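Residue numbers (the numbering used here), protein chains in the order written: chain Y, 1 to 102; chain G, 1001 to 1150.
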């Protein structure tokens, strides 16, 4: 789990799992929040390279981190999202508040 | 011109590690309808939302069983997800986008919105103290009539 989280400068890089549901979201939330507190993190990058499934639990994970990062004056990014993930991001309205990059 | 019927039922413990199993089981069952990748993703997401609701809200992460019944009639898939949990006191409120009773768990409040968006039709029956049943329908495939049997 920890190897999916890396801090590069003040960016927290999170490698999202293959299936991002409620079951997986609990640990991601906890680890991400711990690292935001412990390290000098200002921005978050969620990497969806491996992700083939995401439901509203994934939206909750991103939204929750967005609130913290936004308070710190940082930005949230989503990278390598495939068509399905992009569709969920768009439908949730998250696409308007985070940066979705290819 | 009677349409062929095909049904399956599963029952499993209300544990988060079963969420993946539940949506994959339904996706595998519907495969005979020759769904597109998008249709499979739609159904998996909707099932995942309903099952997660049962586990988090219905049983509040305590012990319990979740029941799924799937029925295919012609090219229509019907999925029902049922629990014997605490029930929903105000269904209308629960279905409002972004409404959640568990913001501290980072729930987005989009579960019902996603179920409604990804399926063609949704019905919710719930009784406080008894449980909740979500029924969802989706027509699968845009295959022209030539491709259909009978």
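We put the beta carbon where it would ideally sit given N, CA and C, even for glycine. Everything numeric in this text was worked out from a predicted model, so none of it was measured.
Could you check where the alpha helix (DSSP H) with residue 68 of chain Y kicks off and where it finishes? 56-71
Just how far apart, CA to CA, sit residue 102 of chain Y and residue 85 of chain Y? 12 Å
Between which two residues does the beta strand (DSSP E) harbouring residue 1123 of chain G extend? For residue 1123 of chain G, the enclosing beta strand (DSSP E) begins and ends at 1121-1127.
So, is the C-beta of residue 1044 of chain G closer than 8 Å to a C-beta in chain A? No chain A is present in this structure, whose protein chains are Y and G.
Taking 8 Å as the CB-CB limit, is residue 1094 of chain G close to chain Y? no
What would DSSP say about residue 6 of chain Y, mapped onto helix, strand or coil? strand
Taking contact to mean 3 or more Cβ pairs, one atom from each stretch, closer than 8 Å, check whether the segment 81-100 of chain Y and the segment 1009-1022 of chain G are in contact. no
Closer than 8 Å, CB to CB, is residue 1116 of chain G near chain Y or not? no
Please list the terminal residues of the continuous beta strand (DSSP E) segment that includes residue 1131 of chain G. Taken as a continuous stretch (DSSP letters only), the beta strand (DSSP E) holding residue 1131 of chain G covers 1131-1139.
For residue 1149 of chain G, the three-state DSSP class (helix, strand or coil): Reliability of the predicted coordinates at residue 1149 of chain G is poor, the pLDDT of 44 falling under 50, and the value obtained from them is presented with this limitation in mind. Of the three classes helix, strand and coil, the one that applies to residue 1149 of chain G here is coil, per DSSP.
Interface residues of chain G around residue 84 of chain Y at Cβ under 7 Å? By Cβ distance, chain G contributes 1041.
When the cut-off is 8 Å and only beta carbons count, does residue 1080 of chain G lie next to chain Y? no
With 16 other CB atoms within 10 Å as the buried threshold, where does residue 38 of chain Y fall? exposed
Take residue 99 of chain Y and list the residues in its own chain whose beta-carbon comes closer than 8 Å to its own, dropping the five residues that flank it on each side. 75, 76, 77, 78
Once DSSP output is grouped into helix, strand and coil, what is the label at residue 1016 of chain G? coil
Could you work out which residues of chain G lie near residue 59 of chain Y, taking near to mean beta carbons separated by less than 8 Å? 1108, 1110
Measure the alpha-carbon distance for residue 1150 of chain G versus residue 1122 of chain G and round it to whole angstroms. Since pLDDT at residue 1150 of chain G reaches only 40, below the 50 mark, its modelled position is unreliable, and the value read off the structure follows with that caveat. Cα to Cα, the separation comes out at about 29 Å.
CB contact check: residue 1020 of chain G to chain Y, cutoff 8 Å: yes
Backbone CA spacing between residue 1033 of chain G and residue 43 of chain Y [nearest angstrom]: Using only the alpha carbons, I get a separation of about 44 Å.
Ends of the beta strand (DSSP E) at residue 77 of chain Y? 76-79
Rounded to whole angstroms, how far is the Cβ of residue 1133 of chain G from the Cβ of residue 1061 of chain G, which I believe are closer than 8 Å? Rounded, the Cβ-Cβ distance is 20 Å, inconsistent with contact.
If residue 1106 of chain G and residue 61 of chain Y are in contact, beta carbons under 8 Å, what's the gap, nearest whole angstrom? 6 Å
Just confirm the distance between the C-beta atoms of residue 15 of chain Y and residue 4 of chain Y, as a whole number of angstroms; I'd bet it's less than 8 Å. So it is a contact: roughly 4 Å between Cβ atoms.
Determine the chain G residues that contact residue 29 of chain Y at a beta-carbon separation under 8 Å, and present them in chain order. 1106
Looking at the unbroken alpha helix (DSSP H) that takes in residue 1078 of chain G, where does it start and where does it end? Bounds of any alpha helix (DSSP H) do not take in residue 1078 of chain G; it lies within the beta strand (DSSP E) bounded by 1076-1083.
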